[in-house]
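Using the UniProt record's numbering, read the sequence shown as starting at 1 and increasing by one per residue.
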Amino acid sequence: MEAAAALPEDKYFQENPKPVYLDSLIEQTRAFLNTHDKDEKIVLVTSGGTSVPLESNTVRFIDNFSAGTRGASSAEQFLFKGYRVIFLHREFSLQPFNRHFIRTKNLNFLDYFNAEGQIDEKYLDDIKSMKSMAEKYKDALLMLPFTTVNDYLWSLRSIAKLLNNNNAMFYLAAAVSDFYVPYGKLPEHKIQSRSEFQDKSEGKVNKSGQLILDLDPVPKFLRKLVQNWANKSMIVSFKLETDEDLLITKAKQALKNYNHQLVIGNILSTRHKEVVVLSEEEESEHWIKISDETLKNHSIEEFIIEDITKRHEKWMSNDN
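Below you can see the structure in the form of structure tokens.
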């Protein structure tokens with residue numbers, strides 16, 4: 001009798017090497033968990049987009065759209081609710097607290113300073129307030145960066161195996177690549193575009209100079225997370241669409257396929273002011289919407305986290 005073929009999720013970790021920093025990440029996570037009470041609520045927030053290298057010595061890559069706003073803002077709200085937060089984020093994406101001074105529409109970094117190099121008085125109170133909050137919560141926040149989809153998947157698996165308990169929540173707000181180039185198929189050096197160098201390039205450039213990419217689908221690790229790595233924890237995934245007619249259908253399909261607790265759906269153009277929450281326990285969807293006026297002083301993440309932390313309390317009380 002032939003042995004069953006390995007699942008794509010299992011083959012992935014056999015065929016794609018772990019990041020060089022993974023052992024350090026595991027030690028940091030273990031140390032963070034050991035310095036807190038095991039009964040405290042804790043959440044892993046994933047944030048930002050993953051990149052897909054096209055060469056081993058990477059010059060070119062494919063990237064996912066995400067500044068990390070949802071994840072960074074949500075991490076703050078979890079801290080305010082008394083959670084410890086592991087923030088697994090794209091390197092250089094937005095981060096809790098300092099996000100308020102990055103990528104603002106009308107300011108760049110130097111605008112916060114006057115001609116003498118001191119912080120301008122009109123920004124001083126806001127900066128002091130955020131600095132105070134960052135200091136208050138620094139021991140409850142562990143920051144762990146990633147860059148590539150391979151970094152992300154190895155990190156997620158490693159953290160999940162350490163974190164798997166009833167008090168833990170996984171809040172998967174990262175924009176994870178759907179396709180990638182497996183390690184064994186990556187050309188070692190930069191793919192050449194000029195015709196005279198193409199015979200020395202391992203990349204697939206045709207005679208017309210067109211680059212032909214052969215991408216594999218990234219295995220669906222949510223099932224593995226739900227069934228194995230974090231089967232004692234509450235798991236919240238996100239579904240981003242551009243077509244409103246597909247959103248509810250695909251969110252419900254995700255709940256059915258992976259059998260986890262919550263899906264938060266949003267449309268790209270309105271994601272800052274409305275989301276829909278779908279639960280395995282509720283037949284109807286729950287919309288969270290805020291007005292443009294409310295948005296001036298509040299983020300939608302305040303209302304999202306208020307909702308799902310209540311659900312987490314209820315879920316924990318049921319002793320899943």
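Heads up, the beta-carbon is just placed ideally off N, CA and C, and yes, glycines get one too.
- The DSSP-derived three-state label of Ile288 is strand.
- The beta-carbon distance between Ser51 and Phe61, rounded to whole angstroms, is 5 Å. This is short enough to meet the 8 Å contact definition.
- Assigned with DSSP and collapsed to three states, Gly184 falls in helix.
- Counting C-beta pairs closer than 8 Å gives fewer than three between the stretch 229-248 and the stretch 204-217, which falls short of the contact rule.
- Contact holds between the stretch 251-258 and the stretch 223-238, because three or more Cβ pairs, one in each stretch, are under 8 Å apart.
- Listed as beta-bridge partners of Ala175 by DSSP are Gly49.
- In the DSSP assignment, Asp63 falls within the beta strand (DSSP E) that extends over Phe61 to Asp63.
- Excluding five sequence positions before and after Lys81, the CB atoms of its chain that fall closer than 7 Å to its own CB belong to Ile305 and Thr309, given in chain order.
- Taking 8 Å as the cut-off, the Cβ atoms of Arg90 and Ser47 count as close.
- Taking the Cα positions, Phe179 is about 15 Å away from Glu15.
- Taking the CA atoms as reference points, Ile42 sits about 11 Å from Leu142.
- If you draw a straight line from the Cα of Glu76 to the Cα of Tyr171, it comes to about 13 Å.
- Around Leu186, the same chain offers Pro53, Glu55 and Ser56 as residues with beta carbons nearer than 7 Å, after the five sequence neighbours per side are excluded.
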